[in-house]
Amino acid sequence: MLGIIIGIASVITITSVGESTKATMNKFISGFGKNRVALYVNYEEENQIDDNKYFTLEDVDYIKGKFKNQLAYISLSNGSVSTIKRGIKEQKVNFSGVDYNYIKELSTYKIIYGRDFQENDVIGRKKVTIVNREFAQALFGREDIVGEEITGTIDGETTTLKIIGVYNKEKTIFDSIGGGNQTDAYIPYTIAGSSTGYLDMKIAENLNSATESNKIKEFVTRYKQADPSTYKIQTLEEQAGMINQMLTMLSLGLGAIAAISLVVGGIGIMNIMLVSVTERTKEIGIRKSLGARKKDILLQFLIESIILSGAGGIIGTLIGLGLSNIATKFMNVDSTISVNAIITAVVFSFGVGIFFGLFPANKASNLDPIDALRYE
Numbered sequence: 003m004l005g006i007i008i009g010i011a012s013v014i015t016i017t018s019v020g021e022s023t024k025a026t027m028n029k030f031i032s033g034f035g036k037n038r039v040a041l042y043v044n045y046e047e048e049n050q051i052d053d054n055k056y057f058t059l060e061d062v063d064y065i066k067g068k069f070k071n072q073l074a075y076i077s078l079s080n081g082s083v084s085t086i087k088r089g090i091k092e093q094k095v096n097f098s099g100v101d102y103n104y105i106k107e108l109s110t111y112k113i114i115y116g117r118d119f120q121e122n123d124v125i126g127r128k129k130v131t132i133v134n135r136e137f138a139q140a141l142f143g144r145e146d147i148v149g150e151e152i153t154g155t156i157d158g159e160t161t162t163l164k165i166i167g168v169y170n171k172e173k174t175i176f177d178s179i180g181g182g183n184q185t186d187a188y189i190p191y192t193i194a195g196s197s198t199g200y201l202d203m204k205i206a207e208n209l210n211s212a213t214e215s216n217k218i219k220e221f222v223t224r225y226k227q228a229d230p231s232t233y234k235i236q237t238l239e240e241q242a243g244m245i246n247q248m249l250t251m252l253s254l255g256l257g258a259i260a261a262i263s264l265v266v267g268g269i270g271i272m273n274i275m276l277v278s279v280t281e282r283t284k285e286i287g288i289r290k291s292l293g294a295r296k297k298d299i300l301l302q303f304l305i306e307s308i309i310l311s312g313a314g315g316i317i318g319t320l321i322g323l324g325l326s327n328i329a330t331k332f333m334n335v336d337s338t339i340s341v342n343a344i345i346t347a348v349v350f351s352f353g354v355g356i357f358f359g360l361f362p363a364n365k366a367s368n369l370d371p372i373d374a375l376r377y378e
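So in our numbering, the last spot in the sequence shown is 378, and the numbers never skip.
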């Protein structure tokens with residue numbers, strides 16, 4: 003029965019953690035808003051790409067003008083990692099260039115002090131930044147640091163930035179994986195760098211992101227006089243689909259490995275039942291001599307086998323739910339119970355009892371009552 007318990011607990015834990023991770027991942031991705039699209043240089047063709055095929059601030063302005071009715075926003079996606087010092091304190095920061103109202107588009111982000119970027123911040127290339135509350139606490143010892151200035155390296159140059167906002171974001175699985183003491187801060191994309199191979203876009207809510215992004219890609223290809231293979235696009239929905247597919251395959255693979263324990267447990271139950279048949283041979287003989295039919299003996303031992311495996315399945319399910327709850331809390335993901343996995347696992351455990359209990363039960367039912375009564 004131990005094998006059944008371990009197998010069921012493992013399957014439930016792996017499946018529930020996988021489903022919880024998928025749900026949290028989808029929530030994280032959807033937090034970036036609908037119709038998000040990346041247009042980027044196909045780095046697989048890097049050796050054949052000239053520098054003039056990369057995107058500049060002028061390119062962004064031109065594309066924005068041509069597709070003003072289709073684009074909610076578009077910006078260069080540039081970034082710089084810098085170490086900010088204040089007295090004896092220091093904090094590593096990843097500065098990302100974004101368009102105005104970027105934070106407002108993220109459902110998992112919220113400005114708690116100050117304001118979001120405005121259009122004149124971006125167009126005027128103002129040296130301003132929005133930092134997160136962890137950065138504020140680490141470097142200043144308080145959260146409201148609007149109006150303070152910090153100095154960092156942006157696009158290879160030492161730059162002094164004025165803090166215009168402090169944001170907070172919901173904790174996700176990514177906050178538990180790596181990153182060290184690095185935090186994220188945002189600056190207008192117009193000061194983040196003059197050239198990049200990556201554009202961050204958002205298609206208007208009422209339009210189809212795949213259709214419109216393909217139109218933009220075709221226009222950019224003509225505008226840049228590039229080969230059709232120079233640029234690639236990827237929607238947020240495509241990214242979510244790829245991640246979900248990988249997580250599903252991983253869960254299925256690990257679940258299949260864990261299911262081996264169920265087979266081992268089934269063999270264990272069969273051995274227990276065979277021993278039980280041997281020890282209860284005389285009992286079987288007495289029952290048969292009193293009129294018990296072959297199917298009565300078969301059913302008796304089969305039910306005992308099913309009860310053993312079923313009990314193991316129920317115990318394993320409870321243990322699996324407990325372990326998955328602990329694991330999801332440790333991983334900082336939303337706990338999701340996979341009802342289908344629970345039903346499948348429990349039904350499978352009863353099936354194991356029937357399959358591996360059939361041979362011992364059949365052996366018991368076929369015993370000759372006279373030989374059974376003589377057995378010592």
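C-beta atoms are modelled at their ideal positions from N, C-alpha and C, and glycine is treated no differently.
Lys290 and Phe303 have their C-alpha atoms some 14 Å from each other. The C-beta distance from Ile86 to Gly154 rounds to 5 Å, short enough to meet the 8 Å contact threshold.
Beta-bridge partners assigned by DSSP to Phe97: Ser82, Ala187. Take Gly5, set aside five residues on each side of it, and the residues of its chain with a beta-carbon closer than 6 Å to its own are Ser263, Val266, Gly267, Gly270, in chain order.
By the CB criterion at 8 Å, Ile152 and Ile165 fall inside the cutoff.
Listed in chain order, the non-local C-beta contacts of Asn44 below 7 Å within the same chain comprise Ser231, Thr232, Tyr233, Lys234, local neighbours out to five positions each way being set aside. When the beta-carbon positions are compared, Thr198 and Phe97 stay at least 8 Å from each other. By the criterion of at least three beta-carbon pairs nearer than 8 Å, the region 206–215 is not in contact with the region 102–120. Here Val168 is actually not in contact with Tyr102; their C-beta atoms are around 17 Å apart, not less than 8 Å. Within the region 289–345, the complete alpha helix (DSSP H) runs of at least 4 residues fall at 296–333. Taking 8 Å as the cut-off, the Cβ atoms of Tyr200 and Val124 do not count as close. DSSP places Gly158 in the coil class of the three-state scheme, outside both helix and strand.
Thr17 is the residue among Tyr42, Thr17, Ile10 whose C-alpha sits nearest the C-alpha of Ala329. In this structure, DSSP gives Asp52 a state outside helix and strand, which the three-state scheme calls coil. Residue state for Arg376 is assigned as helix, using DSSP reduced to three classes. When only Cα atoms are considered, Phe358 and Met333 end up about 38 Å apart.
Collapsing the DSSP output to three states places Thr110 in coil. For Asp53 and Lys128, the gap between their C-alpha atoms comes out near 27 Å. By a beta-carbon distance limit of 8 Å, Ile14 does not contact Gly353. Their separation comes to about 16 Å. When secondary structure is reduced to three states using DSSP, Val168 falls in the strand class. Counting along the chain, Ala40 sits inside the beta strand (DSSP E) bounded by residues 38–43. Taking a C-beta distance under 8 Å as the contact criterion, Ile308 and Gly355 qualify as a contact pair.
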